[in-house]
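Numbering (UniProt numbering), first residue to last: 1 to 294.
Structure, as structure tokens:
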Amino acid sequence: MAAQQQGFERDQTVGAALAEMTRAFAAQGIESAPRDARILLQGLLGVDGTALLTRPEQRLGDAAARIGDAVRRRLAREPVSRILGVREFYGREFLVTPDVLDPRPDTETVVDLALEIVRSNGLQSETIHIADIGTGSGILIATLLAELPNARGVATDISAAALAVAQRNADRLGVAGRASFVATHRLDGCAGPFDLVVSNPPYIVTGEISGLEPEVRDYDPQLALDGGVDGLGVYREIAGIARNPLRPMRLVMEVGATQASDVTDIFSAYGWQPLDQKKDLGGHVRAVAVEIHP
């Protein structure tokens, strides 16, 4: 295949490169071939989608070698966001490194549901306190703080490397001054109380990880995927964070496509009450909200 064997030439046009990349990705069985080719070219050329489509005769120039390398990496099933080092989430750009889970569009349902709960309780202008358990790249805490300019937050993770990425992302969004980043398990040692807690915990069944798409299995940290023998282990840990709450606390979590009922049952056993749910674009419940009162 030309993209693998010959690379790209300096005098090759953007339009020709886009077509060649799309063909190469599709031949490799990559379902998102047109999208991946477009995003890679945009990122490597430093242009937006409009410029890419309106200037197809532009030459690749010095970017040719970088494009060839990126194509080879994508054909090896490395995700586009890891090749570029960034991922768009909720309309903002976040840094992505090998130390963190690659953010997924489905996780935006957690932000949507959290904001709906805050606004329905008239708290959008209040100084509410938010906690993000297992923050990873920090997309949840940073996005919520950007959307709620008076809120303050605490982000936790057991990975110091992940926390460093989260802090960098908070810096990029201009919200780091309202956030703290703590290397700890759950919320251990974090001073509350918290009005809102969010989390995207690991929820893949251990025995199913080997069958995941290579973009996930081979590039996301195992720690961010493995939810234990039934995929629900971390939910059981989180459910115990508020045995004696000082004020009402709402918790919004991402769940696997078939896990909403089981997760709700787990939290009910710890005294939490079901609050709301939100479906992803595929029609699966992807975000579950529960609450607990003093």
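Ideal Cβ positions, reconstructed from N, Cα and C, are used throughout, including at glycine.
Bear in mind that the values here come from a model prediction, so they are computed numbers and not experimental data.
Exercise. Could you check where the beta strand (DSSP E) with Q12 kicks off and where it finishes?
Worked result: Taken as a continuous stretch (DSSP letters only), Q12 belongs to no beta strand (DSSP E), as it is neither H nor E.
Exercise. On the premise that R186 lies in contact with I241, defined as a C-beta separation below 8 angstroms, what is that separation, rounded to the nearest angstrom?
Worked result: 6 angstroms between Cβ atoms; contact.
Exercise. Going straight from the alpha carbon of R35 to that of I83, what length do you get?
Worked result: Roughly 14 angstroms between the two C-alpha positions.
Exercise. DSSP three-state call for I158: helix, strand or coil?
Worked result: Residue state for I158 is assigned as coil, using DSSP reduced to three classes.
Problem set entry | Three-way DSSP call (helix, strand, coil) for residue 335 in this model | Missing from the structure shown is residue 335; the chain here goes from 1 to 294 and no further.
Problem set entry | Beta-carbon spacing of R247, L275 below 8 angstroms | The answer is no: Cβ separation not under 8 angstroms.
Problem set entry | G91 to V216 span [Cα, whole Å] | A direct Cα-Cα distance of roughly 22 angstroms separates G91 from V216.
For this session: Indicate the three-state DSSP secondary structure (helix, strand or coil) for P245 in the structure shown.
Result: If DSSP states are grouped into helix, strand and coil, P245 belongs with coil.
For this session: Quick one: grab the DSSP three-state call for A19.
Result: Reduced to three states, the DSSP call for A19 is helix.
Exercise. Apart from the five residues on each side of it in sequence, which residues of its chain come closer than 8 angstroms, Cβ to Cβ, to N169?
Worked result: Correct list, in chain order: F94, L95, S137, G138, I139 and A142.
Problem set entry | the stretch 12-26 in contact with the stretch 52-59 per 3-pair CB rule at 8 angstroms | Flag = yes, the stretch 12-26 and the stretch 52-59 touch.
Exercise. Exposed or buried, what is Q4 when buried is set at 16 or more other beta-carbons lying within 10 Å of its beta-carbon?
Worked result: Reliability fails at Q4, whose pLDDT of 44 lies under 50, so the model's placement of it is uncertain and the value that follows must be treated cautiously. Result: exposed.
Exercise. Where does Q124 sit, in a helix, a strand or coil, going by DSSP?
Worked result: In this structure, Q124 counts as coil in the three-state DSSP scheme.
Problem set entry | Beta-carbon contacts of V197 that lie in its chain and below 6 angstroms, excluding the five residues immediately before and after | Within the same chain, A131 and L251 come within 6 angstroms of V197 by CB-CB distance, once the 5 residues on both sides are set aside.
Exercise. Roughly how many whole angstroms lie between the Cα atoms of D230 and A289?
Worked result: In this model, D230 and A289 are separated by some 21 angstroms (Cα to Cα).
Exercise. Cα separation between D106 and P294?
Worked result: The straight-line gap separating the alpha-carbon atoms of D106 and P294 is approximately 32 angstroms.
Exercise. Quick one: what's got a C-beta closer than 8 angstroms to G145's C-beta in the same chain, skipping five residues either side?
Worked result: Strictly speaking, residue 145 in this sequence is Leu, with Gly absent from that position. Counting only Cβ-Cβ distances below 8 angstroms, and skipping sequence neighbours, we find I130, A151, R152, G153, A170, L173, V175, R178 and A179.
Exercise. What do you reckon, are the CB atoms on A155 and F194 nearer than 8 angstroms?
Worked result: Against a cut-off of 8 angstroms, the Cβ pair of F194 and A155 comes out as no contact.
Problem set entry | Reduced DSSP category for F194 - H, G, I as helix; E, B as strand; rest coil | DSSP places F194 in coil when its eight states are reduced to three.
For this session: State the start and end residues of the unbroken beta strand (DSSP E) segment that holds D265.
Result: DSSP places D265 in no beta strand (DSSP E) but in the uninterrupted alpha helix (DSSP H) bounded by A260 to S268.
For this session: Quickly, what does DSSP pair A26 with across the bridge? List them, please.
Result: Bridge partners of A26 according to DSSP: none are assigned.
For this session: Quick one: residues in its chain with C-beta nearer than 8 angstroms to the C-beta of W277, no 5 flanking neighbours on either side, listed in chain order?
Result: For clarity, residue 277 is Gln in the given sequence; the question names Trp instead. Contacts found: L113, A260, V285, A287, V288 and A289.
For this session: Keeping to the same chain, check which residues put their C-beta closer than 6 angstroms to that of I30; ignore five residues upstream and five downstream.
Result: Here the set comprises nothing.
Exercise. Do A183 and I204 have their C-beta atoms within less than 8 angstroms of each other?
Worked result: No. Outside cutoff.
Exercise. According to DSSP, which residues form a beta bridge with G227?
Worked result: Partner(s): none; G227 has no beta bridge.
For this session: Tell me H129's beta-bridge partners as DSSP assigns them.
Result: The partner list for H129 (beta bridge, DSSP) reads R152.
Problem set entry | Any alpha helix (DSSP H) of 4 or more consecutive residues that is wholly inside the stretch 32-62 | Entirely contained in the stretch 32-62, the alpha helix (DSSP H) runs reaching 4 residues are, in chain order, 33-45 and 49-54.
Exercise. So P274 is in the beta strand (DSSP E); what residue range does that whole segment cover?
Worked result: For P274, the enclosing beta strand (DSSP E) starts and ends at Q273 to K279.
Problem set entry | Helix, strand or coil at A164 according to DSSP, with G and I counted as helix | Assignment of A164 by DSSP, reduced to helix, strand and coil, places it in the helix class.
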